[in-house]
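Report on the structure given below.
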Amino acid sequence: MLVRSIISLALFLALLAAAPAGADSYSANGRQNVDEVSYPWSALGRVNNEYGGFCTGTLIGLRTVLTAAHCLRNKRRGGWLRPASLHFVAGYQRGDFLAHARVSSYVIGGDAESRNGTSATPSSDWAILTLERDLGALVGTLEVSPAPAGSELMQAGYRFDRPHVLSADESCKVVGPVANGSLVAHGCAATHGDSGSPLLWRRGDDYRVGAMHVAILGGKNPFGLAIPARALGRALNLLKREQYANWPLP
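If you count by the working numbering, then the sequence shown holds residues 26 to 275, one letter each, in order.
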C-alpha cells in the first residue's frame, strides 16, 4: 500500500513538472458564493461530525451521499467515526438549510480502511453515506458520469475559511490523469473543507459529477487531486446496485 502511495505521488509530481506554466493553477481567490437553494447547488451540503469537523458531500441518490473517506476519521480516538455521529445538511447557508438527515451507515474505499484510520492511497479516499431518510426528492440528486475530455468544470464546497457559505470555482479544468487514470489532477480553486466536493460538468441544463476532490498537492503552484467518475464507478459497482442512483457506469 505504501509503495502504491509513493508511486501515485511520483506520477503526480511528474505531471506537475510537465504542466504548462500558469495553466489552471490553484487560486484561493478563484471562488464566488453560489445560491445554495438552487439546483444543482441544492444537492450539495455539509457532512458534519460530532466534534465540529465537516467536509462537503453530494447527494447522488435519494438517501445516498458521496464524500471523501478521510472526512470520517476519528482524529481524537483513532479509527472511524460512528455513523450515528454524522449528519448531512443539504443547502446549508449560515445556519439555515434545506434538508437534514442523520447517517445510518457508510461504506469506504477498500484501501482506505486501515487500522490507524488513514487512507493508503488517494484513489481509495471515497465514502458512500446512507441517510436515515430520503432527501433527494426535496433538493435534487446529481448523476455521477465521466466528463468529456476538455470539459469546463465547476467545483463547489464549504471551504475552511468560509465554512458557512457554499462557494464555487465555476470555470476550471482537469489537467491530466494520475496513477493510470485512478486519479486526476485539476486546477479548481479547492482548499481545506472542500474534501468530498464534486467537480461538476454541464450539458445544457443537465449537471453531472465528473470527479470528487480529495486532496491538494504541490508547493508554490499546487494542484487539486480528484477521483474521476469512472474510477468511482468501478469501485461502487461492487456494492449493491439498488442502494445507489445512476450505477453502473457504462
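C-beta: ideal position from N, C-alpha, C; glycine also. Bear in mind the structure is a predicted one, so any value in this text is a computation, not a measurement.
With contact defined as three or more Cβ pairs closer than 8 Å, the region 94 to 107 and the region 54 to 66 are not in contact. Scanning Pro147, Ala126, Glu168 for the CA closest to the CA of Asp159 turns up Ala126.
When secondary structure is reduced to three states using DSSP, Arg184 falls in the coil class, being assigned neither helix nor strand.
By the Cβ-count criterion, His189 is exposed, with fewer than 16 other Cβ atoms from all chains shown falling within 10 Å of its own Cβ.
Distance from the CA atom of Gly165 to the CA atom of Val59, rounded to whole angstroms, is 16 Å. Assignment of beta-bridge partners to Tyr76 by DSSP yields no partner. Under DSSP, the beta-bridge partners assigned to Val132 are Ile153.
Residue environment: His217 is assigned as exposed (fewer than 16 neighbouring CB atoms within 10 Å of its CB, all protein chains considered).
Beta-carbon to beta-carbon, Ser220 and Thr81 are separated by about 7 Å, close enough to satisfy the 8 Å threshold. For Pro173, the three-state secondary structure derived from DSSP is coil. With a 10 Å radius around the Cβ and a threshold of 16 neighbouring Cβ atoms, Asn205 comes out exposed.
Sequence-distant Cβ neighbours of Gln118 in its own chain, meaning closer than 6 Å and more than five residues away, are Glu61.
In the displayed model, Leu97 falls within a helix according to three-state DSSP. Runs of the beta strand (DSSP E) lying entirely within the region 187 to 267, each at least 3 residues long, are 192 to 197, 199 to 203, 208 to 211, 223 to 228, 231 to 242, 248 to 253 in chain order.
Straight-line measurement puts the Cα of Gly182 at about 7 Å from the Cα of Ala193.
Per DSSP, reduced to three states, the secondary structure at Val90 is strand. Between Val90 and Trp151, the alpha-carbon positions lie close to 11 Å from each other. One thing to note: Met179 has its Cβ within 9 Å of the Cβ of Arg227.
DSSP places Gly104 outside both helix and strand once states are collapsed to three, so it counts as coil.
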